[in-house]
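Peer 1: Mind looking over this structure? Questions follow.
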Amino acid sequence: MEPPPQRLHHRNQPVLAPPIACSSEGSSQEAALDTGRAETDEGGRKGGPLLPLHVGFAHVELGETWPWHELRVIAHDETPTEVGILALLEFMDYVLDLPQVCTGFMLTYNLEELGWPHMDVVMRIICWSNEPERQAKWHHRCLCWKIVIPDGFCFKAARLALSGTFCLSSPPCLMYLVTDPSEDLTSDTVVSYQPDDSDVMGVKLLGDLRAKCEEVQLQAASEDLRRHEPAAAPVARPHGELPTVMDVGFAEVHQGYSEADGMGYIKIFGRDADVTDEGLTHLMGFMDGFVDSPSAVRGFAITYDLRLLHAPSMTMVTRVAAWGGEPVRQEKWQRLNLVCKVVVSGGVRLMLARGVLSTFFFLCPPVCKTYLLSDPDEPEESSIVFEPSKPVSAPQEQPLAAPTPGEAVASWGASRGGGGQAILVAGPSAAMPQPPAGSAVAAAATVVAVATPEPGGSPSTGAPLRGRFPCEAADNLNWMFPTTDF
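With UniProt numbering, letter number 218 in the sequence shown gets 218, and the count goes up by one each step, no holes.
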């Protein structure tokens, strides 16, 4: 007789569907997670203890916490690696098929040891759990997530990243964000995300913006929008030869051709000034002129320096979104824009920008190599890099195929003594919804600008960073960080 489904005793917890029947044979995977995988397989399939797995930046174990099992991931202060993440995911896949977790388990990701949370790894697990081949099984067996993060700024930054993510897709199961692993999950102070009801307090403004931008996109082909398009999104192209430097009031724009890089460049240096309609009109015209100029024929790199610029208004964001969503312009940018650099102030703002961009690039992968820097002249080798999901221009060498889980663990065993790389690689998830390419022209740069407010204002830019989720909700995020002085 099949055991009854378990459920958490929480005021908002939905009733769980009956668990999926488990196979007594467990997982069909043959690759070893580590040198002790043989004992792990034997113990797991017989219902005995499952040996823990160490992946360098964390160790993972399956424990029993009445009335459920608990899959614990304890993070360490080391850089996550792709090989380590693959090993972690394979271990979790194996646990998902064990007979003892058929009635449900709780996933705990403990980040207490870290000065900055592994939100990129957390987002990777969320995307992985939503993949079609395991989505139904995960929904029935994972009763809830519990993410443990130190109190203070890290907690607020993690809440921001999760809230933004769940604007696009509801969480795979009930998720709790806590500061103490033993905290009572039924407490009114616990932050929770429901599978069918995101954290309304945290994402209301973000959701409003998303709806506004989608409305603009849906009306782009309508007769009314075409009639008002010249007034709504005018573009002032420079006459004659394009100047190398242009002052638009709130920013200074430079363009040219780099012989060393073999491509053109356009750099937007924001100023401590408000974004104006007139300046935005000249900026968009200048960028159109540059993309059509000989300097951009072989492709170009664009730099957004967001350290000083104030955030634009909602009207300007939607105006730029409509401008960038025009098919002809969009096609040119996707074909010619080869490199993108986003510059923010160092320290806390850089860390926050990394978390925010990691989150959104998992949902909307960059179409060109994107660098996150704290100085425009910073060497690319020391910056945070987000790789595109596919080639963006002329045919390139095919990247090496991702190692299978077994190969990944074999490589991990040989390299676990070495340090991790400083490069973040964000990839798409087939299960996560992908916003239309033209619905959010300035989204990634705007997300960083709004999420990293400067004292007295929020730096941002209206320049296009194609195909991103629109996540500017206000001139700053003081509503999300009421006690934090940036």
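Even glycine gets a Cβ: it sits at the ideal position worked out from N, Cα and C.
Quantities reported herein were computed from a predicted structural model and do not represent experimental measurements.
Beta-carbon separation of V291 and K332 under 8 Å?
Peer 2: yes
Peer 1: Look at L350 and S374 and say whether their C-beta atoms are less than 8 Å apart.
Peer 2: yes
Peer 1: For G279, report the span of its alpha helix (DSSP H) as first-last.
Peer 2: D277 to V291
Peer 1: Within the stretch 122 to 204, note down every full beta strand (DSSP E) run reaching 3 residues or more, in order along the chain.
Peer 2: 142 to 148, 174 to 178 and 191 to 193
Peer 1: How would you call D120, buried or exposed, if buried means at least 16 neighbouring beta carbons within 10 angstroms?
Peer 2: buried
Peer 1: Pull up the distance between the alpha-carbon of D151 and that of Q330, whole angstroms please.
Peer 2: In this structure, the CA atom of D151 is about 42 Å from the CA atom of Q330.
Peer 1: Output needed for E380: all residues of its chain with C-beta closer than 7 Å, excluding positions within five of it in sequence on either side, in chain order.
Peer 2: Y371
Peer 1: According to DSSP, is V101 helix, strand or coil?
Peer 2: helix
Peer 1: Let's see if you can read the secondary structure: which residues bound the alpha helix (DSSP H) around A87?
Peer 2: Where A87 is concerned, the enclosing alpha helix (DSSP H) stretches over E82 to L96.
Peer 1: Between the Cα of A136 and those of F57, G104 and V122, spot the shortest distance and give me the residue it belongs to.
Peer 2: G104
Peer 1: Where P80 and R354 are concerned, what is the direct C-alpha to C-alpha distance, given to the nearest angstrom?
Peer 2: 14 Å
Peer 1: Can you tell me whether G43 is helix, strand or coil according to DSSP?
Peer 2: Note that G43 scores a pLDDT of 47, beneath 50, so its modelled location is shaky and nothing firm can be said.
Peer 1: Counting C-beta neighbours from all protein chains within 10 Å, is the total for A463 16 or more, i.e. buried, or is it exposed?
Peer 2: Bear in mind that a pLDDT of 33 at A463, under 50, signals an unreliable position, so the number given afterwards is only what the model happens to contain. Its Cβ being crowded by 16 or more others within 10 Å, A463 is buried.
Peer 1: Output the distance between the C-alpha atoms of F286 and L280, rounded to the nearest integer angstrom.
Peer 2: 10 Å
Peer 1: What three-state label does DSSP hand residue 492 in the structure shown?
Peer 2: Coverage of the chain is limited to positions 1 through 486, which leaves residue 492 absent and any answer about it impossible.
Peer 1: Does the beta-carbon distance from K267 to T244 come in below 8 Å?
Peer 2: no
Peer 1: Over the uninterrupted beta strand (DSSP E) stretch that includes E70, give me the two end residues.
Peer 2: For E70, the uninterrupted beta strand (DSSP E) run begins and ends at W68 to A75, by DSSP.
Peer 1: List the endpoints of the continuous alpha helix (DSSP H) containing E259.
Peer 2: E259 -> no alpha helix (DSSP H), and no H or E assigned at all.
Peer 1: Taking the C-alpha atoms as reference points, what is the distance between Y257 and Y265?
Peer 2: If you take the alpha carbons of Y257 and Y265, they lie about 6 Å apart.
Peer 1: Which one of L283, W323 and L242 has the shortest CA to CA distance from S293?
Peer 2: If you compare the alpha carbons of L283, W323 and L242 with that of S293, the shortest gap goes to L242.
Peer 1: Do you know whose CA, among L51, W68 and G270, lies nearest V60's CA?
Peer 2: L51
Peer 1: Would Q334 pass as a contact of S295 if the rule is Cβ separation under 8 Å?
Peer 2: no
Peer 1: Hey, how far is the Cα of A87 from the Cα of Y109?
Peer 2: 16 Å
Peer 1: Can you tell me the Cα-Cα spacing of S129 and E82, whole angstroms?
Peer 2: S129 and E82 have their C-alpha atoms spaced approximately 17 Å apart.
Peer 1: Out of curiosity, what's the CA-to-CA distance linking W138 and I74?
Peer 2: 20 Å
Peer 1: If distances are taken between C-alpha atoms only, which option among L357, S187, P327 and D180 comes closest to L160?
Peer 2: L357
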